[in-house]
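Notes to accompany the following structure.
There are 6 protein chains.
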Amino acid sequence: MRLLLINPNTTTSMTEHMVHAAEDVAAPSTVVTGLTVTDGVPFIDGYYDEALAAAGVARAVRDADGEFDAAVIACFGDPGLFAAREVADAPVVGIGEASFALAMMLGHRFGVVSTVDRATPGLLDLVAHYGIASRCAAVEATEVGVLELNEDPDGALSAMEAAGRRAIDAGAEVLCLGCGAMVGCREALARRLGVPVIEAVPAAVRLAESLVSLGLRTSKLRAFGRPATLA
Amino acid sequence: MRLLLINPNTTTSMTEHMVHAAEDVAAPSTVVTGLTVTDGVPFIDGYYDEALAAAGVARAVRDADGEFDAAVIACFGDPGLFAAREVADAPVVGIGEASFALAMMLGHRFGVVSTVDRATPGLLDLVAHYGIASRCAAVEATEVGVLELNEDPDGALSAMEAAGRRAIDAGAEVLCLGCGAMVGCREALARRLGVPVIEAVPAAVRLAESLVSLGLRTSKLRAFGRPATLA
Amino acid sequence: MRLLLINPNTTTSMTEHMVHAAEDVAAPSTVVTGLTVTDGVPFIDGYYDEALAAAGVARAVRDADGEFDAAVIACFGDPGLFAAREVADAPVVGIGEASFALAMMLGHRFGVVSTVDRATPGLLDLVAHYGIASRCAAVEATEVGVLELNEDPDGALSAMEAAGRRAIDAGAEVLCLGCGAMVGCREALARRLGVPVIEAVPAAVRLAESLVSLGLRTSKLRAFGRPATLA
Amino acid sequence: MRLLLINPNTTTSMTEHMVHAAEDVAAPSTVVTGLTVTDGVPFIDGYYDEALAAAGVARAVRDADGEFDAAVIACFGDPGLFAAREVADAPVVGIGEASFALAMMLGHRFGVVSTVDRATPGLLDLVAHYGIASRCAAVEATEVGVLELNEDPDGALSAMEAAGRRAIDAGAEVLCLGCGAMVGCREALARRLGVPVIEAVPAAVRLAESLVSLGLRTSKLRAFGRPATLA
Amino acid sequence: MRLLLINPNTTTSMTEHMVHAAEDVAAPSTVVTGLTVTDGVPFIDGYYDEALAAAGVARAVRDADGEFDAAVIACFGDPGLFAAREVADAPVVGIGEASFALAMMLGHRFGVVSTVDRATPGLLDLVAHYGIASRCAAVEATEVGVLELNEDPDGALSAMEAAGRRAIDAGAEVLCLGCGAMVGCREALARRLGVPVIEAVPAAVRLAESLVSLGLRTSKLRAFGRPATLA
Amino acid sequence: MRLLLINPNTTTSMTEHMVHAAEDVAAPSTVVTGLTVTDGVPFIDGYYDEALAAAGVARAVRDADGEFDAAVIACFGDPGLFAAREVADAPVVGIGEASFALAMMLGHRFGVVSTVDRATPGLLDLVAHYGIASRCAAVEATEVGVLELNEDPDGALSAMEAAGRRAIDAGAEVLCLGCGAMVGCREALARRLGVPVIEAVPAAVRLAESLVSLGLRTSKLRAFGRPATLA
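Chains as they are written, first to last, in numbering that gives the first Met the number 0: chain A, 0 to 230; chain B, 0 to 230; chain C, 0 to 230; chain D, 0 to 230; chain E, 0 to 230; chain F, 0 to 230.
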């Protein structure tokens, strides 16, 4: 199958990292293609960033429709997810919703280890938007920005551990890494904290593959029907 | 005061109509300036349309910041509202949220008379997003598109009456007109249905003026703080 | 327009203060008339006080109906608000609900700086009653009673600052002053805490004026229809 | 034990009927005393009626405190219940909440057969206020007023059956009779509809007796602590 | 009346204690019969224990149907309660739901003093299952296991006091003892903490007696109808 | 990987069918082993059936622990799911929760086409238990029993179509087949109704494989920690 991995921010190095993370877990027959949104922001930490990213995602999916069997939106806030569903025939999965879906099968309540605190209200909006707010115990920020994650991996891991500990104290039994760029530290963090930790991009890849293999596509009835403005 | 009225779709005739509706209720000292989003869609009926509109609104507000004392986003789905709050110093009001705020002071539960049914899930998302879902009895569509409203005003009014009746049967005691272009029919509809009917743009204008006169501005703490990507 | 400002407690000096606060923000053409409930309690801090105040408000509005274009109930718990809506033709606004309505346009979640902790459950009931509990981050009491506010203004301000800080730590981004008598300290508190602060009486005055100028009145369908016991 | 049965409306014949209904189920050692609120309304169908009734109840309980071991507020809307709890040392039970408590032990969701439709929003407020809205399938009105119940018992029963059937169709598995004056028809209605039917006054009497026999009294911590205005 | 008290765990000494607690509050005409589930677990602290206990309860009630006028399930998690309702004609009461029902009549929000923290998610599930989550301020564990309660009564009481204090700090105004074996300490705990404390078995006994005396039985419509697998 | 497929009812022919359905979608390297619960009921339609099935599942998983890499509980009500998670080291997936997880990625709200109406309250409990009630538009029963599905496949399909249509009218945009034995009709139903239709067993198989391939296991912190009664 052809899997389109869309990076909603404009930082191409992040696209490459996420494509590798996707390829690591994808089935041998899955071909992963990365797509970086142009005309947006270099990283996404709040409503303004999300708004620009969402439009970029919506346009990219619209233009690529027909060239992929499933798409993954690779930013934890799932910008443009519902818009993308309207303009694609193939299924579209957000890495945030995919993480939540798996987390809810592993623990009573989950927590999110996120980047900066200013984005926390938006993430709480997201879980409420999905109707699963009662399953989310906490969103805890590391205050390590997206682009700083690779600068000091050990420091980032310690910050994640501290944020994860706070989420656990608030009732989380399983943790979601709340940024597509948080890759490579899953096992270390799980070992330190003693709970399962979910990487977002791999989670979405496996769910997208599952939908395709089961012959499932986005419903075109009502909410995700094709827009009249494209008719 | 300087009031910026932003039309999130690209149809300039609609901007003009809405500016007039705003001027009709604005205080004498309020100067209303219309702004039409470019690079978007001609009307907004769903998530894809909203995504493009939201980015247009966010950019427009960002660029106009400092040139207005309050802004009104004149599409009932309030596209880009939270993004606009991040990039403006002055208060920003959505015509949907303004309608809901007044409606909740006039009846036990409110209904929305909207355009097309495919946008209903998005409007239900909106009231849930504002945390007021329990106050909304129903969203009922006329199936008269935004751009058709002026083509057959009598037919449109009859369709609104029928939709309003369904909302009332579902428990609504007050109605919101769910499109910025639904102007000029408020009194006729209220008379036919025997309930108060709220026009969205005038509601938002009065609330924006209220915020300014009370010296209130958007909180810059946390959710609506200035984006780091603009630093 | 004729604005009736009803003080639900029996302390006439408070009525005077609140009428002044109302006049400070009212339009030049608005005539504010104060009305002090008789046969009630000198201040309102709990369910018993509210019950007596509500009956006083209901009777006062019933008797004054026809003599005002809008009424404001000037106690933050909005005692008798729904009852007053049944017996009046003109719109009635509670200072609590008005504060919440504006607060929800300025921040992601709001907090309330209230008087005594024993009234906190009632205030939480109130936001739940309005269906907006998810937007309220915290109600924090100063433990400065209503009648003590003027005795030591500096102490009161410090207590408000501390309560406001706790509300912010709990997630509030904007604060409501939870008593009609908390006037004159809005700006100082906003400066100390760095968030917008809403005075309740002015908020309600502006919303009442907005409703009147838009030609909106309480729905008489169902919930707020005239009582049969008055027929 | 001494049981005070408070009729929140001013119709003394209703007090007598309800005292008899109470005595029919009370333990032999329970002495039921009826108390009719003065200075209120002859029947209670909406917020205005409730407001006047609540103040009457609050004052009556305050004045009678010490003279009863438990009190029952005998109007289905439980007017003044929380106020009464503040001013009494002995437990106070509302006939609405008592009905709901038992109903939740007999079926998955309950329905209410009420008097007039205009009071339905208030009853929905009530179940939401108690935090049990998800257990209430429907409130269905007979449109037979409180004072008409005895005029045409057969007609009233048929109206109750029709309302009960609607509640069952909406998901109710057990029915509460939503007025203290709906007595004597429980068994006939249960037989016709094939579901358990709960009379409100008897339910409250048994719960009040249960609380007393278990040595339980209203918590005086926080919400129901004695009012400062009575100090 | 014949009251069947079912101990869902296999520890017969606990059955005896709970039968005594039941007899202490039961009416003179009530005959309490204890029944210990066989083929289960010696105590119940989590989902696995509950699952085994629930099946034991369901089978026991099925086999005893016709031999009792009401049944009480004497484990605070109410294992098998809905199943038992399906297979019995007489009413069945859980000691958890009975405690909650009375607690909600005594305070604004209640707390639960429970045994071990690992069972807390299950208890939070329970209150959510009953639709009353908003009334529960906290579940706080003593970490004293069910079978250890009698080994060191003073230590257990101190642990209960500490847990109760935490629940009060979280907003509880009344406490439920979250284990059928927590008997004999109600008054001491209430005295130390200054709030009403509810023993679970006595609460359920009184509610079961109330249902029987009012002629109320489980609804056989829909949810609790007799299982087809028993036909 | 070794996948244990547990049939919670005692009908072995159903186990075989479900094993085949699992094998049809499983990866080549996945070995599916069927396990039929003994000592339960032949089909599961309500709380009593669920209670017996849940205990059977809990014991079966406990005894098989270590012999599988993931387990699937193949009854739509997910009986014993949380209990099984406590006693297994490998992940356990319910076919109900798996269906819901995928459905939420395909439509705004989902519907369930179930067997008999008496089980509807239990299914509504289930979605509420998972915290996703707002995403479920309707549960609609065919009134075709589990064991009758194969007797008249055409009649069953028509009944499913009618139930699916009702769910769509209530707002569903995607449908879950609410019984593990509803296999082989997915495509026909999707074609007739024009919405995606999800088969439960295949959904769960793919999610179980996804969890294993991502190295994810049930959290052993708190809710799903090993039971003390097994220590």
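Beta carbons: idealized from backbone N, C-alpha and C, even for Gly.
Indicate the three-state DSSP secondary structure (helix, strand or coil) for residue i in the structure shown.
i        : result
B:Arg225 : coil
B:Val56  : helix
D:Gly110 : strand
E:Ala73  : coil
D:Val230 : Per the sequence shown, residue 230 of chain D should be read as Ala rather than Val. D:Ala230 falls in the coil class under three-state DSSP.
D:Gly163 : helix
F:Gly39  : coil
B:Glu139 : strand
E:Ile131 : coil
C:Val264 : Only positions 0 to 230 of chain C appear in this structure, which leaves residue 264 of chain C out of reach.
B:Arg1   : strand
Apply the 10 Å Cβ neighbour rule to residue i and answer buried if 16 or more other Cβ atoms are within range, or exposed otherwise.
i        : result
C:Gly106 : buried
A:Val138 : buried
B:Gly154 : exposed
B:Ala25  : buried
E:Glu85  : buried
D:Leu176 : buried
F:Thr11  : exposed
Does the distance from the CB of residue i to the CB of residue j come in under 7 Å?
i        : j        : result
B:Glu96  : B:Pro78  : no
D:Glu172 : D:Val182 : no
A:Phe67  : A:Ala83  : no
D:Leu213 : D:Val112 : no
D:Ala100 : D:Ala136 : no
E:Asn8   : E:Phe42  : yes
E:Ala57  : E:Val200 : no
C:Ala158 : C:Thr141 : yes
E:Ala166 : E:Gly110 : yes
F:Leu51  : F:Gly33  : no
Using CA coordinates, which residue listed in the options is at the minimum distance from residue i?
i        : options                                : result
A:Gly45  : B:Val126, B:Phe81, B:Ala166, B:Leu4    : B:Phe81
A:Arg185 : F:Leu122, F:Thr37, F:Leu215            : F:Leu215
B:Gly93  : B:Thr217, B:Ala161, B:Ala140, B:Thr228 : B:Thr217
F:Glu147 : F:Asn6, F:Cys178, F:Val60              : F:Cys178
A:Gly163 : A:Asp151, A:Ala187, A:Glu150, A:Asn149 : A:Ala187
F:Phe75  : F:Asp151, F:Arg221, F:Leu2, F:Asp124   : F:Asp124
B:Val30  : B:Leu51, B:Val145, B:Ala207, B:Thr114  : B:Ala207
C:Ala63  : C:Gly39, C:Thr35, C:Gly121, C:Ala25    : C:Thr35
F:Met0   : F:Ala69, F:His16, F:Val91              : F:Ala69
F:Ala118 : F:Ser157, F:Tyr47, F:Ala20             : F:Tyr47
Is the shortest distance between the beta-carbon of residue i and the beta-carbons of chain A less than 7 Å?
i       : result
F:Ile72 : no
Comparing the C-beta of residue i with each C-beta of chain F, is any distance below 7 Å?
i        : result
B:Pro78  : no
B:Pro41  : no
A:Ala222 : yes
E:Ala54  : yes
Taking only beta-carbon atoms, is residue i less than 7 Å away from chain E?
i        : result
C:Pro120 : yes
Give a yes or no on whether the minimum CB-CB distance between residue i and chain C is below 7 Å.
i        : result
D:Arg117 : yes
Could you check whether the Cβ of residue i sits closer than 7 Å to any Cβ belonging to chain D?
i       : result
C:Leu51 : yes
C:Gly45 : yes
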